[in-house]
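Heads up, the sequence shown stops at 585 in this note's numbering, and the numbers go up one at a time, no gaps. We put the CB at the ideal spot given by N, CA and C, even for glycine.
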Amino acid sequence: MRLSLFLPALLAGLLLCGCGRRASLPVGSVAGGAGVTSPVPGIQFMDVTAAAGIQFLHTSGRSGRFYLPETLGSGCAFLDYNHDGKPDLFFVNGSGLPGYTGKGPFYPALYRNNGNGAFTDVTREAGLNVESYSLGVAVADYDGDGFQDLYLTALGPSHLFRNNGNGTFADVTRRAGVGGLTSGTSAAWFDYNRDGNLDLFVCRYADWTPEKNQICRDSAGRKHLCGPSYYQGLPSILYRNNGNGTFTDVTRQAGVYETAGKALGVVVWDYDDDGRPDLVVAKDMEPNLLYRKNRDGTFSERGVETGIAFSSQGKPRAGMGIDTADTTNSGRESVLIGNNTAQGLAQYLEDGQGRFTDVAVQTGLFQPSVQFLTFGAAFVDFDGDGYKDIVAANGHIDENIAFNGGGITFAEPLLAFRNDGHGRFSSVGPGLGPVFQEKRLWRGLAVGDYDGDGDPDLLLSACSGKPALLRNGGGNKNAWLQVKAIAAGKNREGLGTKVTVTAGGVRRNGWIRSGSSYCSQHELTAFFGLDHATQAESVELRFPDGTRQTVANVKADHLIVVEEGKGLVAPGSRHPGS
8 MRLSLFLPAL LAGLLLCGCG RRASLPVGSV AGGAGVTSPV PGIQFMDVTA
58 AAGIQFLHTS GRSGRFYLPE TLGSGCAFLD YNHDGKPDLF FVNGSGLPGY
108 TGKGPFYPAL YRNNGNGAFT DVTREAGLNV ESYSLGVAVA DYDGDGFQDL
158 YLTALGPSHL FRNNGNGTFA DVTRRAGVGG LTSGTSAAWF DYNRDGNLDL
208 FVCRYADWTP EKNQICRDSA GRKHLCGPSY YQGLPSILYR NNGNGTFTDV
258 TRQAGVYETA GKALGVVVWD YDDDGRPDLV VAKDMEPNLL YRKNRDGTFS
308 ERGVETGIAF SSQGKPRAGM GIDTADTTNS GRESVLIGNN TAQGLAQYLE
358 DGQGRFTDVA VQTGLFQPSV QFLTFGAAFV DFDGDGYKDI VAANGHIDEN
408 IAFNGGGITF AEPLLAFRND GHGRFSSVGP GLGPVFQEKR LWRGLAVGDY
458 DGDGDPDLLL SACSGKPALL RNGGGNKNAW LQVKAIAAGK NREGLGTKVT
508 VTAGGVRRNG WIRSGSSYCS QHELTAFFGL DHATQAESVE LRFPDGTRQT
558 VANVKADHLI VVEEGKGLVA PGSRHPGS
């Protein structure tokens, strides 16, 4: 996200370097994709925001003073706050900054899913009409009472809202002990010590206040935001759930304390497949981190050692949105990270020996993305063919960037990449609907099935603008399967569960987890496209404590719920217990 003023010639060189058309590649790498725009037959994403009754507008508090936080926000979420099996929507909001003349109040927004394609704004009646300059949201039933709770990160104190189970929330931040930090961005719930209670990892950015704000100028004397190098970073935080409604800061004793800060994205992932949850943290102009979980309950940082810390040129990039997926159904997952203009999307592929290489050039992601600045990023099989595709939410941070030439603009379009089944990607965004050609300051990106038709829909937020709910039209023409989980202890959403579906002889891996993307929350469901298979021969779940549960011969086009120790408990249900 650094506001480096690169020469147009540099960008042109990147675009014309011939990357992605290499004649030969190292053994085990993926051959190059052309990166050209091509259609996806039968797939259209329809912008149903207005028709669904969503009127939320994000406030950045921009006042012409070029404050650092103005372009960071913010995220969005799919959740089921009232436990009726229909995914609801949540939008994080900013607030006024010094000098801002807009009139508040500036509340987040909770929209209840009415089940007929429309939503109702229930923010006030739910007790969420609390003003805060918030950036991110993480959803989980942290106390195991069957109702999903909300954690909002913010410039100032963050907020934990406990779901009362009657359609309202209570702010329990002070009692829980999770609100003292500042400059929170993305967050993730997970059971790091496998005691059945959900713990919380919170990314933090920089030590910024209005008094510490710096203003930079380009060669023509125009003002712009100063990048992260002008500020001291803040350490991210790991909170251990004590099981009684309170949390303890265990950052240092768990081995995840580091002072460089500037973390913007986090994904919970078992990268070495040892059954213990690891963390990958995307950072802004600082080395990305990979925290490997040790047997003694601590973590070891291995970002540099594994190759995920830097670009192929050995430099840190402006890491923002993050996700992982097995793009070839080979059992090897890769890490997707959104970066700044001229840096391109990163796709780190593990070689089976614990070493990662950025293969974005070879897979066709780099060239089409190099012109854009990516915040939200997600692997999602939007056409249901059984291979993970990609969606990227883009938008610059420098409102004067167009003056630098090279065709770079402040507002930017979404990007979408279709997987060809061999791990190569083609840019298909413009063919997926008019909204993919609409330029906004896109930020958060969440995946969920709000209309219950089986295919994944998209929820996007925009800085200083209106969000978008995109209905997937045609993604369910191929067969599909959705899996929810109930784990042991209080982990009623099964966060951290790895799901492996075998259908038509092909094994596909997925996760039920908090975190990933940018400051946002996907629906707590593992989504699988099954292509033309009529059933899954097996669905295997590996729960956070290592327990494995297998369900055989599951019909396609269903949502199933699997409970640890019990097996299939609710075929066809939209939510455990409904």
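Could you give the C-beta distance for Y158 and N136, rounded to a whole number, given that I count them as a contact under 8 Å? Here residue 158 corresponds to residue number 151 of the sequence shown, with the count starting at 1. Here residue 136 corresponds to residue number 129 of the sequence shown, with the count starting at 1. For Y158 against N136, the beta-carbon gap comes to about 17 Å, at or over 8 Å, which does not count as contact.
N-terminal and C-terminal residue of the beta strand (DSSP E) that R555 is part of: Sequence index remark: in the sequence shown, residue 555 carries index 548 (1-based). Run containing R555: R555 to K562, per the beta strand (DSSP E) assignment.
Run the CB neighbour count on R362, radius 10 Å, all protein chains shown included, and call it buried at 16 or more, exposed below. Taking the first residue of the sequence shown as position 1, residue 362 is located at position 355. With fewer than 16 Cβ atoms within 10 Å of its Cβ, R362 is classed as exposed.
What is the rounded straight-line gap between the Cα of L421 and the Cα of L465? Here residue 421 corresponds to residue number 414 of the sequence shown, with the count starting at 1. Here residue 465 corresponds to residue number 458 of the sequence shown, with the count starting at 1. Taking the straight line from one Cα to the other gives about 12 Å.
With distances taken between CB atoms, is the gap from F126 to D156 smaller than 9 Å? For this step, residue 126 is matched to residue 119 along the sequence shown. For this step, residue 156 is matched to residue 149 along the sequence shown. Going by C-beta atoms, F126 is not nearer than 9 Å to D156.
How about S190: is its Cβ closer than 8 Å to a heavy atom in the ligand NAD? This structure simply doesn't include the ligand NAD, nor any ligand for that matter.
Tell me the rounded alpha-carbon separation between Q444 and G436. Here the question's residue 444 lines up with position 437 in the sequence shown. Here the question's residue 436 lines up with position 429 in the sequence shown. Cα to Cα, the separation comes out at about 8 Å.
Using DSSP bridges, identify the partner residues of M53. As a first step, residue 53 is located in the sequence shown; it is residue number 46 there, counting from the start. Per DSSP, R478.
Tell me which residue opens and which closes the beta strand (DSSP E) that V342 is part of. Against the sequence shown, residue 342 aligns to sequence position 335. For V342, the enclosing beta strand (DSSP E) has its first and last residue at S341 to I344.
Buried versus exposed call for D303 [16 or more other C-beta atoms within 10 Å across all chains shown]: One-based indexing of the sequence shown puts residue 303 at position 296. Exposed.
Verify whether the separation of the beta carbon atoms of I397 and L343 is less than 9 Å. Here residue 397 is taken as the residue at index 390 of the sequence shown, counted from 1. Here residue 343 is taken as the residue at index 336 of the sequence shown, counted from 1. Yes, they are a contact pair.
Beta-carbon proximity list for L117, same chain, < 6 Å, skipping 5 on both sides: For the purposes of this step, residue 117 is taken as residue 110 along the sequence shown, with counting starting at 1. Non-local beta-carbon contacts of L117 in its own chain, meaning distances under 6 Å to residues more than five positions away in sequence, involve F97, V129, T130, A133 and L135 in chain order.
Starting from the C-beta of I222, find all residues in its chain whose C-beta is less than 7 Å away, skip the five residues before and the five after it, and write them out in chain order. Locating residue 222 in the sequence shown gives position 215, where the first residue counts as 1. Result list for I222: F73, K230 and C233, in chain order.
Count the other C-beta atoms from every protein chain shown that fall within 10 angstroms of the C-beta of G440, then say buried if there are 16 or more, exposed otherwise. Reading the sequence shown from its first residue, position 433 is the one you call residue 440. Answer is buried; the Cβ neighbour count reaches 16.
Based on DSSP bridge pairs, tell me the residues matched to A3. In the structure as shown, the chain starts at 8 and stops at 585, and residue 3 therefore has no counterpart that could be examined.
Does DSSP put E77 in a helix, a strand or coil? One-based indexing of the sequence shown puts residue 77 at position 70. Residue state, collapsed to three classes: helix.
Kindly indicate which three-state DSSP category Y246 falls into: helix, strand or coil? Position 239 of the sequence shown, counted from the first residue, corresponds to residue 246. Under the three-state reduction of DSSP output, Y246 falls in the strand class.
4 or more residues per run - each alpha helix (DSSP H) lying fully within the region 308-340: Complete alpha helix (DSSP H) runs here, min 4: 310-313.
Three-state class that DSSP yields for S236 in the structure shown: As a first step, residue 236 must be located in the sequence shown, where it is residue number 229. Looking at S236 - three-state DSSP - the assignment turns out to be helix.
Apply the 10 Å Cβ neighbour rule to Q260 and answer buried if 16 or more other Cβ atoms are within range, or exposed otherwise. For this step, residue 260 is matched to residue 253 along the sequence shown. In summary, Q260 is exposed, with fewer than 16 beta-carbon neighbours lying within 10 Å of its beta-carbon over all protein chains present.
Whose CA, out of M53, E570, D279 and D214, lies closest to the CA of R339? Within the sequence shown, numbered from 1, the residue matching residue 339 stands at position 332. Closest by alpha carbon: D279.
By the three-class DSSP mapping on this structure, what secondary structure does G436 have? Numbered from 1 along the sequence shown, position 429 holds the residue referred to as residue 436. Under the three-state reduction of DSSP, G436 is assigned to helix.
Which two residues bound the contiguous alpha helix (DSSP H) that contains T180? Against the sequence shown, residue 180 aligns to sequence position 173. Residues T180 to A183.
Proximal residues to Y107 (C-beta, below 8 Å), its chain only, five neighbours per side dropped: Within the sequence shown, numbered from 1, the residue matching residue 107 stands at position 100. G68, R69 and S70, listed in sequence order.
So, at 6 Å on beta carbons, what are the nonlocal neighbours of S141 in its own chain, with the 5 sequence-adjacent residues on each side left out? Locating residue 141 in the sequence shown gives position 134, counting from the first residue. So the list reads V99, L159 and A161, once near-sequence residues are dropped.
Buried or exposed for H539, please, with buried defined as at least 16 other CB atoms from any protein chain shown within 10 angstroms of its CB. Here residue 539 refers to the residue found at position 532 when the sequence shown is read from its first residue. Exposed, because fewer than 16 other Cβ atoms sit within 10 Å of the Cβ of H539.
Nearest neighbour of A147, chosen from F389, P217, E312 and A492 [CA to CA]: One-based indexing of the sequence shown puts residue 147 at position 140. Nearest C-alpha to A147 among F389, P217, E312 and A492: A492.
Helix, strand or coil for F410 per DSSP? The count along the sequence shown starts at 1 and reaches residue 410 at position 403. For F410, the secondary structure class from DSSP, reduced to helix, strand or coil, is helix.
Given 8 Å, three or more beta-carbon pairs between the region 479-495 and the region 293-303: The region 479-495, when compared against the region 293-303, does not touch it at the 8 Å Cβ threshold.
Could you check if L64 is buried or exposed, using at least 16 other CB atoms within 10 Å of its CB as the buried criterion? Position 57 of the sequence shown, counted from the first residue, corresponds to residue 64. Result: exposed.
Burial state of R224 (16 or more Cβ within 10 Å): Numbered from 1 along the sequence shown, position 217 holds the residue referred to as residue 224. Burial state of R224 is exposed, judged by a 10 Å Cβ sphere holding fewer than 16 other Cβ atoms.
Check whether the region 356-370 touches the region 381-400, taking contact to mean three or more Cβ pairs, one atom from each stretch, closer than 8 Å. Counting Cβ pairs under 8 Å, fewer than three are found: no touch.
In terms of residue numbering, what span does the alpha helix (DSSP H) encompassing F373 cover? In the sequence shown, the residue the question calls residue 373 occupies position 366. Under the DSSP assignment, F373 falls in the alpha helix (DSSP H) whose first and last residues are F373 to S376.
Any chance the region 235-245 sits against the region 167-182, with 3 or more Cβ pairs inside 8 Å? At 8 Å Cβ cutoff, the stretches do not touch.
Using alpha carbons as the reference points, say which of A213, A533, G511 and F168 lies closest to G461. As a position in the sequence shown, residue 461 is number 454, starting the count at 1. Closest option to G461, Cα to Cα, is A533.
Could you give the residue range of the alpha helix (DSSP H) that holds T305? Your numbering for residue 305 matches position 298 in the sequence shown. Per DSSP, T305 belongs to no alpha helix (DSSP H) and is neither H nor E.
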